[in-house]
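Per the numbering used here, residue 1 is the first one in the sequence shown, and the count goes up by one each step.
Each residue gets a CB set at the ideal place from its N, CA and C atoms; glycine is no exception.
It should be emphasised that the depicted structure is a prediction, and the values quoted were computed from it without experimental measurement.
One structure is given here, and the rest of the page talks about it.
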Amino acid sequence: MLLPETKEREYRFKLALRIGLPIFALVIALISKSFISNYESLDTFFYIEITLLIAFSIYFIFYIIYSSFDVKITDEVTKTFTREYLYKFLKKEIKDNNNYTLILISVDNIPDINTLYGIKNGDKILHKTASWIGEFFEEKGISNFPLGHIKGGDFIIGLKGNKNLYSAMLELMLLKSENFKIDAMEVKISGAITDTYFSTDLDYLIENLFELQINKRNSPQEEDINPSELESFVINAMNQKRFIVLTQDVFQKDKAVFKECFIKLKTPQNSIIHQKSYMKVINRLGLMLEYDLMILETIFSKHALFGEEIIAITVSPTSLRNQNFLSRTKELLEANTTIKHKIMFIFSEREYYSQISRYNASLKSLRNMGVLIAVDRLGSLHTSFLYLRDLDIDVIRFDALYIKEIQKKEYVNILDGLNVMAHNSGVKTWMKMLESKESVSFIEELAIDFSQGNFLAPLVKIYES
Numbered sequence: 001m002l003l004p005e006t007k008e009r010e011y012r013f014k015l016a017l018r019i020g021l022p023i024f025a026l027v028i029a030l031i032s033k034s035f036i037s038n039y040e041s042l043d044t045f046f047y048i049e050i051t052l053l054i055a056f057s058i059y060f061i062f063y064i065i066y067s068s069f070d071v072k073i074t075d076e077v078t079k080t081f082t083r084e085y086l087y088k089f090l091k092k093e094i095k096d097n098n099n100y101t102l103i104l105i106s107v108d109n110i111p112d113i114n115t116l117y118g119i120k121n122g123d124k125i126l127h128k129t130a131s132w133i134g135e136f137f138e139e140k141g142i143s144n145f146p147l148g149h150i151k152g153g154d155f156i157i158g159l160k161g162n163k164n165l166y167s168a169m170l171e172l173m174l175l176k177s178e179n180f181k182i183d184a185m186e187v188k189i190s191g192a193i194t195d196t197y198f199s200t201d202l203d204y205l206i207e208n209l210f211e212l213q214i215n216k217r218n219s220p221q222e223e224d225i226n227p228s229e230l231e232s233f234v235i236n237a238m239n240q241k242r243f244i245v246l247t248q249d250v251f252q253k254d255k256a257v258f259k260e261c262f263i264k265l266k267t268p269q270n271s272i273i274h275q276k277s278y279m280k281v282i283n284r285l286g287l288m289l290e291y292d293l294m295i296l297e298t299i300f301s302k303h304a305l306f307g308e309e310i311i312a313i314t315v316s317p318t319s320l321r322n323q324n325f326l327s328r329t330k331e332l333l334e335a336n337t338t339i340k341h342k343i344m345f346i347f348s349e350r351e352y353y354s355q356i357s358r359y360n361a362s363l364k365s366l367r368n369m370g371v372l373i374a375v376d377r378l379g380s381l382h383t384s385f386l387y388l389r390d391l392d393i394d395v396i397r398f399d400a401l402y403i404k405e406i407q408k409k410e411y412v413n414i415l416d417g418l419n420v421m422a423h424n425s426g427v428k429t430w431m432k433m434l435e436s437k438e439s440v441s442f443i444e445e446l447a448i449d450f451s452q453g454n455f456l457a458p459l460v461k462i463y464e465s
């Protein structure tokens with residue numbers, strides 16, 4: 001039984017008690033008083049009155065209970081929480097738990113099902129999908145979690161803990177749903193996940209879920225790759241050095257001052273593997289150092305293709321702390337003196353590295369070689385703020401959240417404060433994902449040093465192997 005159904009029963013039982021107990025207490029008190037004071041003089045009419053009183057009391061209680069069903073906490077079709085009750089429940093959960101995750105599960109083709117098979121079948125799909133969601137999580141050892149119907153084919157799930165605990169579970173669910181059918185009707189399911197690390201405001205969290213889902217649907221789709229084949233494709237791409245390098249110009253005022261590199265791996269059939277897919281495999285296989293060195297060596301060998309601007313490359317923080325990576329970077333710089341002072345390493349990480357003096361020494365050695373150091377996602381990851389404070393770096397890049405929310409005064413104030421703090425520390429600032437003239441003007445008004453986005457310059461393929 002799902003938690004909403006359990007809560008519904010509890011709700012009805014408590015309601016019956018609240019209504020019934022005062023009435024029965026009054027009846028019992030009346031009867032007791034009558035028996036004590038008038039035991040010998042009671043006639044038949046008294047017993048008829050008591051019987052009628054009890055009968056009308058029972059009728060009244062049932063009438064109130066059933067009329068109160070207009071105040072429901074479960075949706076009639078799906079048997080999950082109603083939107084109103086779910087919001088109330090989740091707000092309390094978020095308040096009581098420091099880390100909390102919300103998952104959006106959507107039946108994308110519910111309008112088509114309603115049209116082709118009728119509304120009743122659409123209702124059946126929603127109900128059985130909700131049951132399937134509950135069964136899936138119960139199989140994973142998660143029970144008594146809030147599940148609510150928001151609108152159309154959209155359900156929201158609340159789970160305790162941060163999203164890292166459930167991201168792989170959501171991916172597995174979506175993978176299993178590819179062949180999901182109910183009474184021979186195909187059910188197409190999609191999902192998105194967020195947690196209170198993004199915000200503790202429930203409305204913002206739910207808006208973010210739908211935004212993530214829309215972005216996922218609108219983004220260019222890579223060719224579907226069987227998960228069992230993905231690992232071998234990634235290994236093959238690295239062994240054969242089969243990848244594409246794209247760049248996007250980054251501007252200081254009206255001048256392009258450096259290029260950020262974006263990498264996509266290629267399968268043996270020349271299909272594209274995007275970073276969001278292959279990075280998980282590389283991390284799982286422990287190949288991050290090999291990957292970073294492969295990209296670095298290619299950039300150095302093909303640096304003439306990039307022009308005169310600085311080349312910005314995203315590098316894993318574990319590689320930056322690895323002596324082999326530092327040694328190889330030094331060798332490449334000594335062999336290619338023309339690229340000295342034209343390389344920038346960008347990094348970010350969720351967990352703060354405790355041996356900060358050792359970390360700073362590694363970065364200092366890179367800076368002495370002529371490498372610029374940039375920390376990413378300031379304002380989103382707490383570690384980025386700490387690294388701005390504790391590390392000797394050249395550039396800090398703000399999280400794109402702030403440019404998406406420029407209409408919010410509090411976000412503007414935060415961004416302005418972080419920008420002033422960085423400048424006071426001698427660090428230049430950088431904002432990406434500028435998609436309009438208004439956003440560019442906003443960045444200029446705040447005196448942020450570097451600007452990047454599709455409004456300013458498109459992605460350009462520089463190299464393919």
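- The region 286-306 and the region 232-248 touch, with three or more beta-carbon pairs separated by less than 8 Å.
- For lysine 151, the enclosing beta strand (DSSP E) begins and ends at 147-151.
- Per DSSP, the continuous alpha helix (DSSP H) segment holding glutamate 334 begins and ends at 323-335.
- Residue burial is scored here from C-beta neighbours: arginine 284 has fewer than 16 other C-beta atoms within 10 angstroms and is therefore classed as exposed.
- Assignment of arginine 377 by DSSP, reduced to helix, strand and coil, places it in the strand class.
- In this structure, Thr51 is the residue among Phe251, Val395, Tyr11 and Thr51 with its C-alpha nearest to the C-alpha of isoleucine 28.
- In the displayed model, glutamate 186 falls within a strand according to three-state DSSP.
- With 16 or more other CB atoms across the displayed protein chains lying within 10 angstroms of its CB, aspartate 154 is buried.
- The beta-carbon separation of serine 348 and valine 375, rounded to 6 Å, stays under the 8 Å limit for a contact.
- Taking C-beta atoms under 8 Å as the contact rule, asparagine 162 and asparagine 99 qualify, at a distance of about 5 Å.
- Measuring C-alpha to C-alpha distances from alanine 447 to each of Glu171, Leu418, His303 and Ser190 identifies Leu418 as the nearest.
- By the Cβ-count criterion, isoleucine 119 is exposed, with fewer than 16 other Cβ atoms from all chains shown falling within 10 Å of its own Cβ.
- Annotation for leucine 170: Ile103, Gly191 and Ile193 place their beta carbon closer than 7 Å to its own, counting only its chain and skipping 5 residues before and after.
- As the crow flies, the alpha-carbon of asparagine 454 is around 43 Å from that of tyrosine 117.
- By the Cβ test, the region 360-375 is in contact with the region 326-340, since at least three Cβ pairs between them sit closer than 8 Å.
- Per the DSSP secondary-structure output, glycine 158 pairs in a beta bridge with Leu102.
- In this chain, the alpha helix (DSSP H) harbouring tyrosine 85 covers 83-96.
- Counting C-beta pairs closer than 8 Å gives fewer than three between the region 193-207 and the region 118-136, which falls short of the contact rule.
- Under the criterion of beta carbons closer than 8 Å, glycine 379 and phenylalanine 398 qualify as touching, at roughly 5 Å.
- Burial of phenylalanine 258 is indicated by the presence of at least 16 other C-beta atoms within 10 angstroms of its C-beta.
- Per the coordinates, the alpha-carbon of alanine 457 lies some 15 Å from the alpha-carbon of phenylalanine 306.
- Contact check for phenylalanine 345 and isoleucine 299: beta-carbon distance about 11 Å, past the 8 Å limit, so the pair fails to qualify.
- Between threonine 82 and isoleucine 73, the CB-CB gap stays under 9 Å.
- Residue nearest to lysine 253 within the set Lys14, Ser441 and Lys461 is Ser441 (criterion: CA-CA distance).
- In this structure, the alpha-carbon of glutamate 76 lies about 30 Å from that of phenylalanine 56.
- Under DSSP, phenylalanine 243 forms a beta bridge with Leu265.
- With contacts defined by Cβ atoms closer than 9 Å, proline 146 and phenylalanine 233 do not form a contacting pair.
- Nearest C-alpha to arginine 389 among Ala422, Leu287, Tyr85 and Asp416: Ala422.
- The alpha carbon of glutamate 331 has as its nearest neighbour, out of Ala237, Phe251, Trp430 and Leu366, the alpha carbon of Leu366.
- For isoleucine 393 against isoleucine 373, the beta-carbon gap comes to about 5 Å, under 8 Å, which counts as contact.
- Annotation note: the region 404-465 contains the following uninterrupted alpha helix (DSSP H) runs of length 4 or greater, listed N- to C-terminal: 409-424 and 437-445.
- In the structure shown, glutamine 252 adopts extended strand secondary structure according to DSSP, grouped into three states.
- Counting along the chain, methionine 294 sits inside the alpha helix (DSSP H) bounded by residues 288-301.
- Methionine 431 and histidine 303 have their C-alpha atoms some 25 Å from each other.
- Residue burial is scored here from C-beta neighbours: lysine 342 has at least 16 other C-beta atoms within 10 angstroms and is therefore classed as buried.
- Per DSSP, arginine 350 is not a residue of any alpha helix (DSSP H), being assigned neither H nor E.
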